[in-house]
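Reviewing the structure listed below.
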Amino acid sequence: MIILQAGEQGRLAPLFKGAQATPVWSCLQGYMGEAAADDAVSPRCARILLGDFCYPAGDSGTAEAAELIGSLPPRPLLAIPPDGEWARLIERVWTGRCRRIERYAIKKEPDVFRHSRLERLVEALPGEYRLRPIDETVYPVVLQERWSRDFCSNFDSCEDFCRRGLGVAAFCGSELVGGASSYSVYRGGLEVEVDTKETHRRRGIAAACAAKLLLECRKRGWYASWDAANWASVRLAEKLGYHFDAPYPAYEINHLP
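For the sequence shown, the residue numbers in our numbering are 27 to 283.
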């Protein structure tokens, strides 16, 4: 297995042809993420790691493919198989240590968002909350708690996030209670990460933060891609103007025996 160096990731593009997951785009374009393959010059199989996600591609029938999918770093990961053959390989390599789940793809449609709808969702935020951009003062607050860390955790530093990322945080007094941010970035867009602190849910915070993020993306000419972990996320996406596409399989990888 070979870890590709900066500038080499684009060599894997033929293996990921047609991939709609924007973290794959982020890595192939050299923005973020780690790419590995069986060969740096003429790869037959590869994987991309970005944050909590692993995307394999290519020929799953080789020993190198089994090595790529079996040598994942020891942290919580979701492996996203591109087809049934990769799914079976994941199940074989991680027998007893993986769990198949379902995620939900959202259509990528740049022109479906209505400015007035997004503004109404922002204005509907209850009065005790206020929205702030994730900047150099909010960034360290975001990283302090596990539930909010992924708003910024895939960036190298505060400076890196402020230069390339984009995010909105919701506060109740001095308490961070929600946000929507760039989980990852790619050319012309970002992947949305949205969450609300458990004790403040069902108050419109996620909708307001996500709507504000979409409005800010619109100012920059960026597209905000959405991928849903559950039906609640699908419903929130639809409230913003997105449309559901289809369910797809993923595997939770457990490194413990």
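Ideal placement from N, C-alpha and C gives every residue a C-beta, glycine not left out.
The structure presented is a predicted model; accordingly, all values stated were derived computationally and were not measured.
Contact annotation: glutamate 278 and arginine 175 have beta-carbon atoms that are not nearer than 7 Å.
Take tyrosine 165, set aside five residues on each side of it, and the residues of its chain with a beta-carbon closer than 8 Å to its own are Cys178, Cys184, Phe187, Cys188, in chain order. Valine 194 is bridged by DSSP to Pro159, Ala206.
Counting C-beta atoms within 10 angstroms of its own C-beta, glycine 230 has 16 or more neighbours from the protein chains shown and is therefore classed as buried. Relative to the Cα of alanine 263, the nearest Cα in the group Ala276, Asn280, Arg244, Ala236 belongs to Ala236. Rounded to whole angstroms, cysteine 198 and arginine 158 show a C-alpha spacing of 11 Å. From the listed residues Arg190, Ile132, Asp253, the smallest Cα separation to phenylalanine 270 is found for Ile132. In this structure, the straight-line span from the alpha carbon of tyrosine 209 to that of lysine 238 is close to 16 Å.
C-alpha of proline 102 to C-alpha of histidine 281: approximately 8 Å in a straight line. Each of Tyr81, Arg244, Tyr268, Gly204 was checked against the Cα of glutamate 219, and the nearest Cα belongs to Gly204.
Relative to the Cα of glutamate 128, the nearest Cα in the group Lys134, Thr48, Gly122, Ile106 belongs to Ile106. For the options Gly44, Tyr212, Ile74, Leu266, the alpha carbon positioned closest to that of methionine 27 is the one of Ile74. A straight-line Cα-Cα distance of about 30 Å links arginine 156 and arginine 213.
The way I'd put it, the stretch 166-173 doesn't touch the stretch 139-153; fewer than three beta-carbon pairs between them come closer than 8 Å. Where glycine 84 is concerned, the enclosing beta strand (DSSP E) starts and stops at 79-84.
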